[in-house]
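For what it's worth, my numbering labels the leading residue of the sequence shown as 1338, then goes sequentially.
Think of the CB as a built atom: it goes at the ideal place given N, C-alpha and C, for glycine as much as any other residue.
All figures in this text were calculated on a predicted structure; none of them were measured in a lab.
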Amino acid sequence: MRYHSTRGSAPDLDFAGATLAGLASDGGLYVPAEWPTMTRDQIAALAGLDYAETAVRVMLPFVGDSLSEDELRTLCRAAYGRFSHAAVTPLVQLDHDQWLLELFHGPTLAFKDVALQLLGLLFERFLHGTDQRLTIVGATSGDTGSAAIDAVAGRTNIDIFMLHPAGRVSDVQRRQMTTVLDTNVHNIAIAGDFDTAQALVKAMFNDPGFSGRFRLSAVNSINWARLMAQIVYYFYAAVRLGCPDRPIAFSVPTGNFGDVFAGYVAARMGLPITRLIVATNVNDILHRALTNGDYSSASVTPTATPSMDIQVSSNFERLLHDLGGRDGLALAQQMQGFEASRAMRLTNAQSQGAAGLFTSARIDADGMAHAMRWAHDHAAQTLDPHTAIALAAALESDIDGPVVTLATAHPAKFPDAVEAAIGTHATLPARVGDLFDREERYVTLPATFDAVTSWIAERATPRG
Ligand SMILES: *Cc1c(COP(=O)(O)O)cnc(C)c1O
């Protein structure tokens, strides 16, 4: 399988190349040259398979010649063997037609583990036998950082430098990053907010002086391999609820549009999905884009759902590219216009194409708390706030048939919001229960390019 950049001028890469690169050199994102499809019979045949085997069937066409089927199977077994539930992503029934898909049984208790556990193994496999050392640089508002660190801690040939906004991630989230003491793990608290940290990371990738010295890579959801791994659970859940005979809808708590874009790919591959509900909090750029074509970023309002507090959804570019006839140069122009003015209109083709599969909902703090109480009272389920946003959107939709809400984090990651809504304290699972007794290690740096790059340069290994 070949991978193109959404902006049409970076060189095509194979799967291994796209995985190691993360971002394309023209500023675009890598997408497969075409969508592989599965027939009804192939989808029906998934029903008897466990999660790792489902993953092999769904991902194999995307991997192309970069891995043999057996190699992919070995990696999937290793990645999903670290989950604490035998089903990896189990379904829970809330009422007649409402379901939860629990994606938080990985090591760091958020759905990011599903993709990053595999990505860590893919990095190691693709670097093996080369003399290259990868320098992963990322910014996190919470969940990506801990999941990425867990996935690469102690791996040979990889260093990770993770920036988080000082004082703006929860104690659980910070400790999940800073208590990992392997020598290849470097946590940097930035005196600034998440957007500042993210802008510093972008500046490092765009600075030829810095990016020329190190083999930089990205672990946020601009990395195609992450999205690919997330396609799997749409298939896994859907066949368990009667697909392909019975079509299914999904409601997805959305920030960077990575998770819900994986659902779009599943639909393009042939999975009968009736609707994808894009659930946003009050930071509603995607809701506005999908309801009236207005993709314009405002300032971010901090909420109880920090992973959805975004101004710009990087992966939305992949959707616009696909719906805009895959015209890379036209999309590059559209995105450059957006980057200059922080606003753009979707084209008619993009708006109409999106309307065929997506709906959206904007859920405020009351709506979120209401959904948490509903799940608690009706089904004895404690939800994390992000999941509650998506459940609220599912409950207010008028969809007939099963609706699966993606449960993206364990409630104990966000104990304060849970306690405020339902009055009970969500406790951490036993396997991470000693988090508050572990030693922490991190450095706090000013939010300047020079301070951060010189600290990293002293510790990273230059390209060979
Ligand atoms: C990352 C995250 C999201 C948003 O996912 P995107 O792929 O960025 O849309 C939602 N909920 C939780 C708990 C997350 O960690």
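How about residue i: is its Cβ closer than 7 Å to a heavy atom in ligand 1?
{"i": "H1723", "result": "yes"}
{"i": "T1426", "result": "no"}
{"i": "V1569", "result": "no"}
{"i": "M1645", "result": "yes"}
{"i": "A1526", "result": "no"}
{"i": "T1745", "result": "yes"}
{"i": "D1480", "result": "yes"}
{"i": "S1558", "result": "yes"}
{"i": "A1534", "result": "no"}
{"i": "G1475", "result": "no"}
{"i": "P1590", "result": "yes"}
{"i": "G1595", "result": "yes"}
{"i": "F1653", "result": "no"}
{"i": "F1315", "result": "The structure shown does not extend to residue 1315, since the chain spans only 1338 to 1801, so no value can be given for it."}
{"i": "F1448", "result": "yes"}
Which residue from the options puts its Cα closest to that of residue i?
{"i": "Y1388", "options": "S1554, A1424, A1667, L1360", "result": "A1424"}
{"i": "R1419", "options": "E1439, G1443, I1647", "result": "G1443"}
{"i": "A1717", "options": "A1727, N1524, I1700, Q1430", "result": "Q1430"}
{"i": "S1651", "options": "A1534, T1493, F1594, R1682", "result": "F1594"}
{"i": "E1676", "options": "V1649, L1627, D1349, L1666", "result": "V1649"}
{"i": "D1822", "options": "G1504, R1344, M1375", "result": "The chain is shown only over 1338 to 1801; residue 1822 falls outside these bounds and no answer can be derived."}
{"i": "A1555", "options": "I1495, A1415, F1587", "result": "I1495"}
{"i": "D1532", "options": "W1372, R1800, S1636", "result": "S1636"}
{"i": "R1679", "options": "V1474, Q1671, L1440", "result": "Q1671"}
{"i": "V1780", "options": "D1349, A1746, P1502, F1773", "result": "P1502"}
{"i": "H1762", "options": "A1754, V1769, E1390", "result": "A1754"}
{"i": "G1475", "options": "I1525, I1726, L1743", "result": "I1525"}
{"i": "I1736", "options": "D1774, D1544, A1758, F1695", "result": "F1695"}
{"i": "G1801", "options": "R1414, S1346, L1471, W1561", "result": "L1471"}
{"i": "S1346", "options": "L1666, A1731, H1433", "result": "L1666"}
{"i": "L1660", "options": "A1691, H1707, E1776", "result": "A1691"}
{"i": "T1477", "options": "V1597, R1605, M1499, G1401", "result": "M1499"}
{"i": "H1341", "options": "L1357, A1353, A1361", "result": "A1361"}
{"i": "M1681", "options": "V1569, T1638, I1622, D1582", "result": "I1622"}
{"i": "A1686", "options": "L1668, G1662, I1700", "result": "G1662"}
{"i": "S1697", "options": "Q1689, L1683, T1684, S1734", "result": "S1734"}
{"i": "M1645", "options": "T1520, H1713, A1725", "result": "A1725"}
{"i": "L1627", "options": "L1656, D1544, L1564", "result": "L1656"}
{"i": "H1747", "options": "S1483, L1765, A1712, I1497", "result": "L1765"}
{"i": "G1674", "options": "D1487, S1633, T1515", "result": "S1633"}
{"i": "A1540", "options": "D1378, L1683, T1785, A1794", "result": "T1785"}
{"i": "S1483", "options": "I1700, D1450, H1715", "result": "D1450"}
Helix, strand or coil for residue i? Go by DSSP, reduced to three states.
{"i": "I1647", "result": "coil"}
{"i": "R1470", "result": "coil"}
{"i": "G1479", "result": "coil"}
{"i": "Y1367", "result": "strand"}
{"i": "R1663", "result": "coil"}
{"i": "L1438", "result": "strand"}
{"i": "N1494", "result": "coil"}
{"i": "R1682", "result": "strand"}
{"i": "N1524", "result": "strand"}
{"i": "H1501", "result": "strand"}
{"i": "R1612", "result": "strand"}
{"i": "T1411", "result": "helix"}
{"i": "D1714", "result": "helix"}
{"i": "D1753", "result": "helix"}
{"i": "F1598", "result": "helix"}
{"i": "F1448", "result": "coil"}
{"i": "A1692", "result": "helix"}
{"i": "D1631", "result": "strand"}
{"i": "V1741", "result": "strand"}
{"i": "R1699", "result": "strand"}
{"i": "V1429", "result": "strand"}
{"i": "Y1340", "result": "strand"}
{"i": "P1545", "result": "helix"}
Apart from the five residues just before and just after residue i, which ones in its own chain have a Cβ nearer than 7 Å to its Cβ?
{"i": "P1584", "result": "P1609, I1610, T1611, G1738"}
{"i": "P1722", "result": "A1641, T1642, M1705, F1751, A1754"}
{"i": "A1788", "result": "L1782"}
Just to confirm my understanding: we take residue i, look at its own chain, exclude 5 residues before and 5 after, and list those with CB closer than 6 Å. What are they?
{"i": "T1742", "result": "L1437, S1588, A1727, L1728, A1731"}
{"i": "R1512", "result": "L1772"}
{"i": "R1550", "result": "P1799"}
{"i": "Q1469", "result": "R1552"}
With a CB to CB cut of under 8 Å and the five nearest residues on each side skipped, what residues in its chain are close to residue i?
{"i": "E1408", "result": "R1462"}
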